[in-house]
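Take a look at the structure set out below.
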Amino acid sequence: MRKLLSSLNPEQRHAVMHTQGPVLVLAGAGSGKTRVITVRTAYLMSGGVPAENILCMTFTKKAAREMRERLKGMVGKDRADGLTVCTFHALCVQMLREAGEKIGLPKRFTICDATDQITVVKKVLRQLHIAETSVRPWDAKSAISLWKNCLVSPEQALDAACDDREILMAHAFEKYEERLLHSRLLDFDDLLLRGLQLLKEDKASRELFQNRWQYLMVDEYQDTNAPQYAIIQHLTGKKRNLCVVGDDDQSIYGWRGADVSKILRFPDDFPGAEIVRLERNYRSTAPILEAANRVIANNTTRHDKTLIPVIEGGEKPRIMQCDDETHEARLICDEIRLRVEGGDASFGQHAILFRTQTQTRAFEAELRSRGIPYVLVGGMSFFDRKEVKDVLCYLRLLANADDESALVRILDAPPRGVGKATMAKAVDWAIKHGISANAAFQHSEEAGIAKGPARAYSELQSSLEVLRLQLEEGRALTDVMRDMISAVDYRAEVERSYPDEQEQMMRWNAVMEMLNFSQNYERSCKRKKKKPTLHGFLEAIVLSATEDTSAEDASKRGSVTLMTLHAAKGLEFPRVYLVGLEEGLLPHRRSALEDSIPEERRLAYVGITRAERHLTLSFATTRAKMGKAKTSHPSRFLFEMTGKDPYDGWVPIEQSLGFTGQSS
54 MRKLLSSLNP
64 EQRHAVMHTQ
74 GPVLVLAGAG
84 SGKTRVITVR
94 TAYLMSGGVP
104 AENILCMTFT
114 KKAAREMRER
124 LKGMVGKDRA
134 DGLTVCTFHA
144 LCVQMLREAG
154 EKIGLPKRFT
164 ICDATDQITV
174 VKKVLRQLHI
184 AETSVRPWDA
194 KSAISLWKNC
204 LVSPEQALDA
214 ACDDREILMA
224 HAFEKYEERL
234 LHSRLLDFDD
244 LLLRGLQLLK
254 EDKASRELFQ
264 NRWQYLMVDE
274 YQDTNAPQYA
284 IIQHLTGKKR
294 NLCVVGDDDQ
304 SIYGWRGADV
314 SKILRFPDDF
324 PGAEIVRLER
334 NYRSTAPILE
344 AANRVIANNT
354 TRHDKTLIPV
364 IEGGEKPRIM
374 QCDDETHEAR
384 LICDEIRLRV
394 EGGDASFGQH
404 AILFRTQTQT
414 RAFEAELRSR
424 GIPYVLVGGM
434 SFFDRKEVKD
444 VLCYLRLLAN
454 ADDESALVRI
464 LDAPPRGVGK
474 ATMAKAVDWA
484 IKHGISANAA
494 FQHSEEAGIA
504 KGPARAYSEL
514 QSSLEVLRLQ
524 LEEGRALTDV
534 MRDMISAVDY
544 RAEVERSYPD
554 EQEQMMRWNA
564 VMEMLNFSQN
574 YERSCKRKKK
584 KPTLHGFLEA
594 IVLSATEDTS
604 AEDASKRGSV
614 TLMTLHAAKG
624 LEFPRVYLVG
634 LEEGLLPHRR
644 SALEDSIPEE
654 RRLAYVGITR
664 AERHLTLSFA
674 TTRAKMGKAK
684 TSHPSRFLFE
694 MTGKDPYDGW
704 VPIEQSLGFT
714 GQSS
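Heads up: the sequence shown begins at 54 in the working numbering, then just goes up one per residue.
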């Protein structure tokens with residue numbers, strides 16, 4: 054332990070050794086916050102705190118996995134296995150599986166993903182006779198998610214609605230909740246809400262979990278939303294042994310409910326809290342940090358801190374003016390190729406960061422034309438493939454016969470003579486009678502469902518029921534999965550959907566990969582001395598499917614990384630191109646409409662601090678918008694980082710939108 058402590062700087066050591074009471078660790082970019090959390094955990098254990106009394110919460114499964122691996126190296130595998138290191142969502146799943154019945158939650162609830170949510174949203178929009186041209190399903194889903202993350206109920210959303218569109222979406226929210234309830238489904242936001250409900254309403258469960266986890270550590274605290282914040286407060290209890298680590302200057306997820314005020318008011322919420330500032334940056338050179346400090350200083354509401362470079366010297370960030378987005382992409386891609394051909398760098402050392410997904414098109418075209426390998430982080434996930442989602446939906450039906458979203462997807466895949474019209478009739482009858490579609494098929498005659506489709510549905514459920522019984526009797530999950538794929542004749546669906554033999558093989562290999570996932574899950578459970586279950590496997594898959602394509606994988610493959618600024622947080626690259634620094638892009642025009650320019654500034658700060666040695670910032674003087682080339686003006690953040698005033702004729706985004714003032 055002495056060796057670990059001696060490897061820390063004084064501020065890090067203070068954060069590690071202050072173990073009693075609330076602690077706020079303000080960890081600037083590149084200041085070694087993950088090391089502080091892991092060493093602090095090891096320090097607690099060295100002082101006699103049992104591993105099972107420590108809870109470390111993160112925001113991504115990847116971060117939790119890396120934290121656990123580091124801890125294994127510090128305290129040993131056996132001791133590390135006793136720790137609870139997980140995401141907020143995984144923690145809530147654990148609590149709800151253990152005690153969810155206390156708040157009326159079915160033991161066999163299923164978790165649905167984003168695609169399933171869209172399916173349900175489309176259904177309720179049709180039910181309410183709302184055209185998708187009036188309310189786009191994705192917009193309604195996003196609004197529902199934001200309401201949930203702000204602890205707003207359907208009734209409250211309706212009361213607060215300001216126009217007809219918001220009223221329609223609030224009604225859709227109400228019906229959406231009803232459909233999830235009838236299908237025994239929880240979406241990702243529900244995991245937090247139901248976990249919070251359990252802690253609030255059931256005193257016995259609250260005290261059980263408070264006694265179990267007596268020391269709490271939360272990473273990326275600036276990203277907490279209202280339910281997560283409340284969960285932390287309920288778990289902390291009277292002992293108040295809470296250590297949160299975060300950076301208000303990197304709070305960039307307000308659009309999905311994260312509330313920067315939570316970290317700003319931590320000293321008020323937890324009186325007597327110790328505040329530790331980690332300002333030494335071990336990642337970037339002094340000129341890059343100088344630019345970052347200059348930009349973020351323009352945000353007036355923030356904890357006072359300044360990044361201090363450990364790495365002296367280095368070149369100043371470079372600003373590149375381009376004619377348009379094609380010229381911008383061409384210049385940058387040419388530069389990357391020349392640098393690699395000259396032996397100065399590898400492709401994997403480069404990252405191109407952008408504000409919006411549409412900016413990738415020009416870069417992808419130029420990279421391909423030059424034969425430059427690249428990876429678009431956040432591209433299509435393995436779990437978004439048709440065949441993978443189909444297999445998962447069959448498994449979900451195996452786990453929960455009332456899972457309407459899964460049923461709609463696979464009932465005619467492969468074709469069974471149950472078309473869309475029959476499915477719509479069953480769903481409509483189910484909605485009218487307040488039951489699930491599964492129950493509607495069981496009343497097929499009353500629901501007006503023809504005998505052929507009703508028989509096909511009954512045969513499918515009979516096949517699944519045989520497999521359910523085998524699972525209950527203890528048969529191996531992977532063996533049941535293999536039989537399920539055969540029983541529903543899914544190979545026929547692959548052959549029907551993909552006439553090309555090579556495509557068929559690739560798709561079928563993805564189905565077989567699901568069996569590999571199952572085997573790995575069973576082996577993992579065996580190592581942890583846990584019983585593998587279908588629900589556990591589905592949860593592991595759903596929680597894994599939220600992870601994007603890894604930027605580290607791109608670097609290892611020797612590929613240029615393309616990614617949004619939001620996806621780049623927590624990562625670092627030797628050479629960074631931060632592109633599209635224009636008013637209306639960064640800061641985004643929407644930020645002016647929503648009065649969220651400070652968050653855009655934090656986003657620019659995050660982008661700048663991803664660069665280790667070389668940073669190039671680019672902007673175009675014209676950019677195509679709605680099919681026409683329009684004049685662009687350099688981002689205010691370029692002027693802020695250089696300390697120069699805007700030139701005569703510069704137009705901020707607020708002015709171009711017709712606002713009289715300029716947001717800070």
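All residues carry an ideal CB built from backbone N, CA and C; glycine is no exception.
According to DSSP, simplified to helix, strand and coil, what is residue i?
i	result
R55	helix
P687	strand
T602	Note that T602 scores 48 on pLDDT, short of 50, meaning its location in the model is unreliable; the coordinates nonetheless yield the value given after this. The answer is coil: DSSP assigns T602 none of H, G, I, E or B.
C165	coil
K442	helix
N352	coil
T72	coil
I183	coil
E388	helix
M127	helix
Between the options, which has its C-alpha nearest residue i's C-alpha?
i	options	result
L249	P280, E219 and W266	P280
E327	H67, Q180 and L618	H67
D255	E512, S337 and I156	I156
R544	P552, W561 and E554	W561
A82	D212, G299 and L670	G299
L530	Y574, F407 and F690	Y574
G310	L204, D212 and L656	L204
L406	S649, H619, F323 and N294	H619
Q514	E554, P552, R528 and N453	N453
F690	E652, L634 and T674	L634
F319	D456, L77, H182 and T87	L77
V632	S671, P640 and L656	S671
S59	K358, S236 and R88	R88
I197	K176, D217, D216 and F226	F226
A479	G487, H486 and F494	F494
P627	Y282, T617 and V613	V613
Going along the chain, which residues of its own chain have a beta-carbon closer than 7 Å to the beta-carbon of residue i, five neighbours each way excluded?
i	result
L517	L450 and L451
N334	G81, A82, G83, S84, L342, L360, I361, P362 and V363
R438	A563
R102	Before going further, note that residue 102 is Val rather than Arg in the sequence given. Answer for V102: Y268, listed in chain order.
Quick one: what's got a C-beta closer than 8 Å to residue i's C-beta in the same chain, skipping five residues either side?
i	result
M148	G248, L251, L252, S258 and F262
I164	V146, L238, L239, D240, F241, L244, L591, E592 and V595
L448	M534, M537, L587, F590 and L591
M54	A95, Y96 and S99
Output yes if chain D places a C-beta closer than 9 Å to the C-beta of residue i; else output no.
i	result
D542	Protein chain content of the structure displayed is limited to a single chain, and chain D is not contained in it.
Which two residues bound the contiguous beta strand (DSSP E) that contains residue i?
i	result
T614	V613 to T617
Y306	Counting along the chain, Y306 falls outside any beta strand (DSSP E), and DSSP gives it neither H nor E.
M403	For the record, residue 403 in the displayed sequence is His; it is not Met. From DSSP, the beta strand (DSSP E) with H403 extends over H403 to F407.
L252	Segment F241 to E254 is the alpha helix (DSSP H) holding L252; no beta strand (DSSP E) there.
N53	Residue 53 lies beyond the stretch modelled for the chain, which goes from 54 to 717, so this question has no answer here.
M399	The sequence as given places Ser at residue 399; Met does not occur at that position. S399 -> no beta strand (DSSP E), and no H or E assigned at all.
V632	V632 -> no beta strand (DSSP E), and no H or E assigned at all.
E665	A664 to A673
I372	R371 to C375
Residues in the same chain with beta-carbon distance under 6 Å from residue i, minus the five sequence neighbours each way, listed in chain order, please.
i	result
A509	R469, G470 and V471
H496	none
H686	E636, W703 and V704
H71	E327
V128	A95 and M98
E546	A466 and P467
W191	none
Return the first residue and the last residue of the alpha helix (DSSP H) that residue i is part of.
i	result
R218	D217 to H235
Q147	F141 to A152
C203	Note, C203: premise wrong, no alpha helix (DSSP H); not H, not E.
T413	T413 to S422
L517	K504 to E525
A493	A490 to Q495
Below 8 Å on the Cβ atoms is my contact criterion, and I expect residue i with residue j to pass it. Report the Cβ-Cβ distance as a whole number of Å.
i	j	result
W266	I107	7 Å
T91	L124	5 Å
A345	L360	6 Å
G401	G611	5 Å
T111	A117	5 Å
V348	A657	6 Å
A193	V174	5 Å
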